[in-house]
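Notes for the one structure printed next.
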Amino acid sequence: EVIRDLLPLYEEGSTAPYVEHMELCGRACDALLPFERAIFHGVAFIWRGQAWLLTALSGTGKTTHYIQWKRQYGGEISIINGDKPVLDFSEEGISVHPSPWRGKENMGSMRSAPLGGIIMLKQGQENAMRRVEPKEAVAELFMQFLFTRSTPLDVRRVCALEERLLQTVPVWQLVNRGDDEKKRQRLVSAGNSRNDYITRARNYIALYGMKRFMIKLYGKCTGKAKKQSHDYFFSKIKAIDIRICMETTHH
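Heads up: the sequence shown begins at 5 in the numbering used here, then just goes up one per residue.
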């Protein structure tokens, strides 16, 4: 019955087994959090002995970009997971591991490697890459942790893991034009509203801190939102004006 209720939240044509497979991802992440592990949304690959995470909203071009890098560097690059790798936070550092959730292209292997850095992919007018400060990346990277957000404790756990992530590895923003002009224009247009949300979220975090921001965000994620997949969750959250999100009683 649960899977049947969730079917309308997925793309038309999605089957019950597929929905069950995807819904298990968030629950698996919840189960991993007490052990300082989490499932993260992104393409994970190995280059020069380290793992690199290429992350962005679904449809931005993570897989396409990975394929371009593979063509460029050939055997120097090997895939770990094409969509949802596992991050392990240990005393030795942060390492990246495979998971059963490999994305539509089913890209994956049984390889693991220490995390070297994160690249946030974005479509834009020009090709450019720059180092991103933690305060710029915090809101966007938090959304890539694929847990169900069902308890305040899990939210706090992910906040703690993200803090370690941002203190440990560098983050870059890679703006890429893409080859298809029409597709690029659609992505740039679609990204404007999302960028507005991220900007407002960053401003709030700068004023009041990450902890308070997450308390307010969690307060809006009740009922169905806790049962939805990560992508649907984000599509709902980005449609909420951040001012409404924050106009609740301060804790």
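The C-beta atom is built at its ideal place from N, Cα and C for all residues, glycine as well.
Legend entry - DSSP bridge partner residues for residue 92 (one or two, in chain order): In the DSSP output, where bridge partners are listed per residue, residue 92 has 41 and 99.
Inset, instruction - Could you say if the stretch 43-58 and the stretch 94-107 meet the contact criterion of at least three C-beta pairs nearer than 8 angstroms? - result: yes
Legend entry - DSSP-derived helix/strand/coil call for residue 232: Because the pLDDT of residue 232 is 47, which lies under 50, any placement of that residue in the model is unreliable, and the question is left without a value.
Legend entry - residue 133, buried or exposed, once every other Cβ within 10 Å from all chains shown has been counted against 16: exposed
Legend entry - Exposure label - residue 232; buried when at least 16 CB within 10 Å: Because the pLDDT of residue 232 is 47, which lies under 50, any placement of that residue in the model is unreliable, and the number read from its coordinates should be weighed accordingly. That one is buried.
Legend entry - Contact check, residue 42 vs residue 10, beta carbons under 8 angstroms: no
Inset, instruction - Hey, could you find the ends of the beta strand (DSSP E) residue 59 is sitting in? - result: 54-59
Inset, instruction - Taking residue 84 as the reference, give the member of 177, 37 and 113 with the closest Cα. - result: 113
Legend entry - Classification of residue 76 by the beta-carbon crowding that lies within 10 angstroms, buried from 16 upward: exposed
Legend entry - Simplified DSSP assignment, three categories, for residue 126: strand
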